[in-house]
Amino acid sequence: DAKTTQPPSMDCAEGRAANLPCNHSTISGNEYVYWYRQIHSQGPQYIIHGLKNNETNEMASLIITEDRKSSTLILPHATLRDTAVYYCIVRVRGYGNNRLAFGKGNQVVVIP
Amino acid sequence: EPEVTQTPSHQVTQMGQEVILRCVPISNHLYFYWYRQILGQKVEFLVSFYNNEISEKSEIFDDQFSVERPDGSNFTLKIRSTKLEDSAMYFCASSGETGGLGVNEQFFGPGTRLTVL
Chain A
1 DAKTTQPPSM
11 DCAEGRAANL
21 PCNHSTISGN
31 EYVYWYRQIH
41 SQGPQYIIHG
51 LKNNETNEMA
61 SLIITEDRKS
71 STLILPHATL
81 RDTAVYYCIV
91 RVRGYGNNRL
101 AFGKGNQVVV
111 IP
Chain B
1001 EPEVTQTPSH
1011 QVTQMGQEVI
1021 LRCVPISNHL
1031 YFYWYRQILG
1041 QKVEFLVSFY
1051 NNEISEKSEI
1061 FDDQFSVERP
1071 DGSNFTLKIR
1081 STKLEDSAMY
1091 FCASSGETGG
1101 LGVNEQFFGP
1111 GTRLTVL
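So the protein lines, in turn, are chains A and B. Under this note's numbering, the residue at position 43 of the first sequence is numbered 43, and the numbers go up by one with no gaps. With positions in the second sequence counted from 1, the corresponding number in this note's numbering is that position plus 1000.
Below is the structure:
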């Protein structure tokens, strides 16, 4: 699976949009971009995933660049409960090798 | 909303003892996983399980570890002879599939904190 690069940490203002970047310059054509987050000591929580089109759900939006070498997770109105470590993971979506390879992630702190 | 549950939430054991961590995956999911997270470190994959057999395992998952789906609802991780370095949070996860597209996203349980003394 391709590796990803995220900033180690960032602060966001409560009520504002939070834009979380991820670089995955070695992504291959059949790899998806997945985002998870982990609120302190809890299990990782799935947020969203995409292949090449932008995606939106009730939690967030995912913007993937046309060359697919980077993406941005957008939390439209950050709340204090969004403080967490956010993980960007790229992996093939198939029927085998389903492991998720978590990196160190991006520690996002939402500030009042 | 369906969720993955894990018991116990905290397990304390003596080194050398056997422990069994239990998980109830989401009911219509077919793929099951164990991960662990040592305090302050990354979440690490241990093993995946499908159709009553291990489909993939990491180098961490040695002979001291085993997994089982003893009935239609539970999924267990057994550590035969615990070591101090087994102290960690252990997360169970499960996922379904969408025909033709592959395995769906994984949903994680709240974890079991294992402390080996």
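Don't be surprised by glycine CBs; every beta carbon is placed ideally from N, CA and C.
Residue i burial status per 10 Å Cβ neighbour count (16 or more: buried)
i, result
"Leu1021 (chain B)", "buried"
"Asp11 (chain A)", "exposed"
"His1010 (chain B)", "exposed"
"Asn44 (chain A)", "For clarity, residue 44 (chain A) is Pro in the given sequence; the question names Asn instead. Buried, since its Cβ has 16 or more Cβ neighbours within 10 Å."
"Arg1080 (chain B)", "exposed"
"Leu80 (chain A)", "exposed"
"Ser1027 (chain B)", "exposed"
"Asn30 (chain A)", "exposed"
"Asn106 (chain A)", "buried"
"Asp67 (chain A)", "exposed"
"His40 (chain A)", "exposed"
Cβ neighbours of residue i in the same chain (closer than 8 Å, five flanking residues each side left out)
i, result
"Asn1074 (chain B)", "Arg1022, Cys1023 and Val1024"
"Ile126 (chain A)", "The displayed coordinates of chain A run from 1 to 112. Any statement about residue 126 (chain A) would go beyond what the structure contains."
"Tyr36 (chain A)", "Pro44, Gln45, Tyr46, Ile47, Tyr86, Tyr87, Ile89, Leu100 and Phe102"
"Phe1108 (chain B)", "Val1004, Tyr1035, Phe1091, Cys1092 and Ala1093"
"Ser1058 (chain B)", "Glu1044, Phe1045, Leu1046 and Val1047"
Option in the options with minimal Cα separation from residue i
i, options, result
"Tyr32 (chain A)", "A:Phe102, A:Lys52, A:Gly15 and A:Ile39", "A:Lys52"
"Glu1053 (chain B)", "B:Phe1045, B:Pro1070, B:Ser1081 and B:Thr1115", "B:Pro1070"
"Ala979 (chain B)", "B:Lys1078, B:Ser1009 and B:Leu1039", "Coverage of chain B is limited to positions 1001 through 1117, which leaves residue 979 (chain B) absent and any answer about it impossible."
"Arg99 (chain A)", "B:Asn1028, B:Val1004, B:Gln1017 and B:Phe1049", "B:Phe1049"
"Ile27 (chain A)", "A:Val92, A:Ala78 and A:His40", "A:Val92"
"Gln1106 (chain B)", "A:Tyr34, A:Ser9 and A:Ala78", "A:Tyr34"
"Ala84 (chain A)", "A:Pro7, A:Glu14 and A:Gln38", "A:Gln38"
"Asp1062 (chain B)", "B:Phe1108, B:Val1047 and B:Gly1109", "B:Val1047"
"Ile111 (chain A)", "A:Gln42, A:Gly50, A:His77 and A:Pro7", "A:His77"
"Glu14 (chain A)", "A:Asp82, A:Gly94, A:Ser71 and A:Ser70", "A:Asp82"
"Gln6 (chain A)", "A:Lys69, A:His40, A:Gly50 and A:Thr56", "A:Lys69"
"Gln1064 (chain B)", "B:Gly1100, B:Gly1102, B:Gln1017 and B:Gln1006", "B:Gln1017"
"Asn97 (chain A)", "B:Pro1008, B:Tyr1033 and B:Thr1007", "B:Tyr1033"
Short CB-CB distance (under 8 Å) between residue i and chain B
i, result
"Pro112 (chain A)", "no"
"Gly94 (chain A)", "yes"
"Lys3 (chain A)", "no"
"His24 (chain A)", "no"
"Gly15 (chain A)", "no"
"His77 (chain A)", "no"
"Tyr86 (chain A)", "no"
Close Cβ partners of residue i (< 6 Å) along its chain, the five nearest in sequence each way excluded
i, result
"Val1043 (chain B)", "Tyr1035 and Gln1037"
"Lys1078 (chain B)", "Ile1020 and Ser1066"
"Arg1113 (chain B)", "His1010 and Met1089"
"Pro1002 (chain B)", "Ile1026"
Residue i: contacting residues in chain A (beta-carbon distance under 7 Å)
i, result
"Pro1110 (chain B)", "Gln42 and Gly43"
"Gly1102 (chain B)", "Arg93, Gly94 and Tyr95"
"Ser1048 (chain B)", "Asn98 and Arg99"
"Lys1042 (chain B)", "Phe102, Gly103 and Lys104"
Neighbouring residues, chain B, relative to residue i (Cβ below 7 Å)
i, result
"Leu100 (chain A)", "Phe1045 and Gln1106"
Short CB-CB distance (under 8 Å) between residue i and chain A
i, result
"Tyr1031 (chain B)", "yes"
"Phe1075 (chain B)", "no"
Where residue i meets chain A, residues with beta-carbon distance less than 9 Å
i, result
"Glu1056 (chain B)", "Gly96, Asn97, Asn98 and Arg99"
Contacts of residue i in chain A (Cβ-Cβ under 8 Å)
i, result
"Phe1091 (chain B)", "Gly43 and Pro44"
Residue i at chain E interface by Cβ criterion, 8 Å
i, result
"Glu1053 (chain B)", "Protein chains in the displayed structure are A and B, and chain E is not among them."
Own chain residues within Cβ distance below 7 Å of residue i, not counting five before or after
i, result
"Thr4 (chain A)", "Cys22, Asn23, His24, Cys88, Ile89, Val90 and Gly103"
"Leu1030 (chain B)", "Tyr1050, Gly1096 and Glu1097"
"Val1116 (chain B)", "Thr1013, Met1015, Thr1082, Lys1083, Leu1084, Asp1086 and Ser1087"
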